[in-house]
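At position 7 of the sequence shown (counting the first as 1) the number is 10 in our numbering, and the numbers step up by one without a gap. Backbone N, C-alpha and C define an ideal beta-carbon position, used for all residues, glycine too. These notes concern the structure reproduced below.
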Amino acid sequence: MSATPSGAANDDLPDGPDPGPVPCRVVVCRDCCCGSPKVTGIDHAAQTERLRAVAPVRVSDCLDVCDQANVIVVQPSSAGRAAGARPVWLGLVNDPAATEDVVAWVRRGGPGVAPLPDILDLYVFRPLNRRRPDGS
């Protein structure tokens with residue numbers, strides 16, 4: 004029996020074959036410090052496009068960790084989440100070799116699926132938990 008009444012459209016489901024599990028996703032900070040001329044010697048657009056070649060990328064306004072510019076957050080895939088993984092924050096990703104290390108890890112599955120390469124340990128940080136003035 005169908006969960007949708009007969010004749011009703013279900014716009015939440017894609018047409019065609021099942022797209023499979025949700026992949027690893029990447030957030031890049033691109034605001035006041037990250038992605039700006041303040042961080043010299045890096046082609047920020049090329050870095051973003053390189054990451055887009057392996058995963059969906061969301062460009063974010065300031066993530067409020069300017070001392071870690073350029074910041075990349077790797078969010079786990081659905082499989083990684085099922086394994087208990089949380090987003091991994093990477094800071095000071097300011098050269099093509101570091102970007103390639105992130106790309107290689109994401110390609111292997113990222114958090115919860117592939118072990119974090121030792122070289123990326125150098126970039127991992129934990130953002131401070133900040134409370135808003137209203138206490139939330």
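D121 to V68 span [Cα, whole Å]: The count along the sequence shown starts at 1 and reaches residue 121 at position 118. The count along the sequence shown starts at 1 and reaches residue 68 at position 65. Their Cα atoms are separated by approximately 23 Å.
For C69, three-class secondary structure by DSSP: Residue mapping note: residue 69 aligns to position 66 of the sequence shown, counting from 1. Looking at C69 - three-state DSSP - the assignment turns out to be helix.
Backbone secondary structure at I122 - three-state DSSP: Position 119 of the sequence shown holds residue 122. I122: helix per DSSP, three-state reduction.
S81 in three-state terms, based on DSSP: The residue labelled residue 81 in the question sits at position 78 within the sequence shown. Helix, per DSSP.
Spatially closest choice to R61 from D98, V42 and V29, by CA coordinates: On the sequence shown, position 58 is the one that residue 61 refers to. Among D98, V42 and V29, the Cα nearest to that of R61 belongs to V29.
beta-carbon P120 near the ligand ATP non-hydrogen atom, thresh 7 Å: Only the bare structure without any ligand can be found here, which leaves the ligand ATP out of the picture.
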